[in-house]
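Notes for the one structure printed next.
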Amino acid sequence: MKQIVCEVCGSNDLVKEDGCFICQYCGAKYSPEEAKRLIVGVNGKVDVSGSKVTVDNTSFVERSLENARRAKAKEDWEECEKYYNMVEQYEPTNIEAIFYSSYGKARMALVDSDRFKREQKIKVLKNSISVIDDNYDNSPDKYEENKVLIQNINADLLSIMNSSFVMNTVNNGNYTSNDSSYTFDMFIELSLGMIESIEHIIGVITDKKKTIYLWQILRQQYSYIYSIYRRASYKYRQRSRWLDAIANIDNQLYRLDPYYHAPSLKSNNNSAKTTILSIAFIIVFTIVIVLYFYLTNL
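This note's numbering puts the first residue of the sequence shown at -6, with every later residue one more than the last.
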């Protein structure tokens, strides 16, 4: 009897849904054409001549990567996490899968008002960042591929750290406070994790000219921290620390590239500006009231 057998897990429990065959065990999806190929494979192309039967998961991984990237492009973070998890299951050292499976979880956590759940998800993302350098392939033929991937990871990390998020507010009479500083602390921890991983990668690349883009990533991360440190808790309000780090990176980039031009820094002074404007408004309002009563009593 012919049957369809999943090429990923070997299960024959496949159900047809919406025109596709779906493995009920591992979730792999197959089109009708692919399902026909699986039937042929089971009946005539499985090699059992050796003592060990192995399954080539290459096509499944490629399909899962395509689905994961498509979900990420649509900002469907639940599907993004799902498909990158599938890739990571079969390629545990795949940097893209390691990072983005956790990235999807962290993205979803931004809309959760429970900051403790958010902290847990973002901690997982930070841990995934910390293993990027552990799995970095320093082979010369992998340089360009790694460069594109790391630049994309950096861009997406900056994107999530600049995203809006749900915060809890507390009203105490005329004073309103929120817990946003906790999330900004988490963002800074993510940035510091990326910095540490990039520094390790710089250390293993012998051609220092090829590290220029990595130094630029370091500067972007430190510049981000400098732009939001006033909104984090007091332990991160170390202005000189962030400025010194940026200055050191600029010096390194000048040595590597004589034409390097340091971008200007932007510090988020919204809180200070808001305070100044509030004080100015109160002063002007008071003057107007005083003048009003003075003129009406003439």
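Ideal Cβ positions, reconstructed from N, Cα and C, are used throughout, including at glycine.
Using the three-state DSSP reduction, which class does residue i fall into: helix, strand or coil?
i	result
K45	No answer about K45 holds up, because its pLDDT of 43 lies below 50 and its placement is not dependable.
I125	coil
T289	helix
F158	coil
Y76	helix
T86	coil
S52	helix
Q113	helix
V163	strand
S170	strand
K22	strand
S233	helix
Y225	Here the sequence assigns Ala to residue 225, which means Tyr is not the residue at that position. Here A225 sits in coil by DSSP.
E297	Residue 297 lies beyond the range of the chain shown here (-6 to 291); nothing can be said about it.
S257	coil
D314	There is no way to answer for residue 314, as the model of the chain reaches only from -6 to 291.
S57	helix
D200	coil
I276	helix
G37	Caution applies to G37, whose pLDDT of 40 falls short of 50 and renders its modelled position unreliable; the value that the coordinates give is listed next. It is helical.
D134	helix
Can residue i and residue j be called in contact, C-beta distance under 8 Å?
i	j	result
F158	I122	no
K114	A99	yes
Y215	W235	yes
S297	L103	As shown, the chain starts at -6 and ends at 291. That puts residue 297 outside it, with no answer to give.
L150	M187	yes
L258	I239	yes
D130	N139	yes
At which residues does the alpha helix (DSSP H) containing residue i begin and terminate?
i	result
S106	First-last for S106: undefined, no H or E at that position.
I205	I205 to I221
L183	S173 to V197
Y252	Y252 -> no alpha helix (DSSP H), and no H or E assigned at all.
So, at 6 Å on beta carbons, what are the nonlocal neighbours of residue i in its own chain, with the 5 sequence-adjacent residues on each side left out?
i	result
I210	N147 and I191
M101	W70
L246	W208 and Y253
I195	T204 and L207
K65	C73
T86	N128
T289	none
N60	Y76
I198	T204
Apart from the five residues just before and just after residue i, which ones in its own chain have a Cβ nearer than 8 Å to its Cβ?
i	result
I282	none
V8	F14, I15 and Q17
For chain D, check one thing: does any of its Cβ atoms lie closer than 8 Å to the Cβ of residue i?
i	result
P251	As a matter of chain content, chain D is missing from the structure shown, which is built from one protein chain.
How far does the beta strand (DSSP E) with residue i in it extend, from its first residue to its last?
i	result
I15	C13 to C16
M7	Note that residue 7 is Leu in the sequence shown here, rather than Met. Its beta strand (DSSP E) spans residues L7 to E10.
Looking only at C-alpha atoms, which of the options sits nearest to residue i?
i	options	result
L183	N167, A225 and N120	N120
P256	T169, R232, Y217 and D134	Y217
N50	E84, A64, R62 and A28	E84
G20	L258, K67, E68 and N78	N78
I153	D172, I188, I198 and F180	F180
P133	I280, N290 and D200	D200
D172	R232, S106, E189 and Y136	S106
S226	I198, T279 and Y175	Y175
F53	E26, R248 and K22	K22
R62	K29, R30 and N145	N145
H193	R223, I280, V124 and D237	V124
R108	N161, K140 and A90	N161
R232	K29, R224 and Y219	Y219
E68	R224, E26, E112 and S94	S94
E189	S57, F286, Q82 and R212	R212
L185	S170, N164, K116 and V197	K116
C2	E55, Q82 and R248	Q82
Leaving aside the five residues before and after residue i along the sequence, list all residues of the same chain whose C-beta is less than 7 Å from its C-beta, in chain order.
i	result
D250	I205
Y136	K203
L31	I(-3), V(-2), E0 and Y23
K110	A102
E89	L142
Cβ-heavy atom distance between residue i and the ligand ZN below 7 Å?
i	result
L183	With respect to small molecules bound, the structure shown includes none, and the ligand ZN cannot be examined in it.
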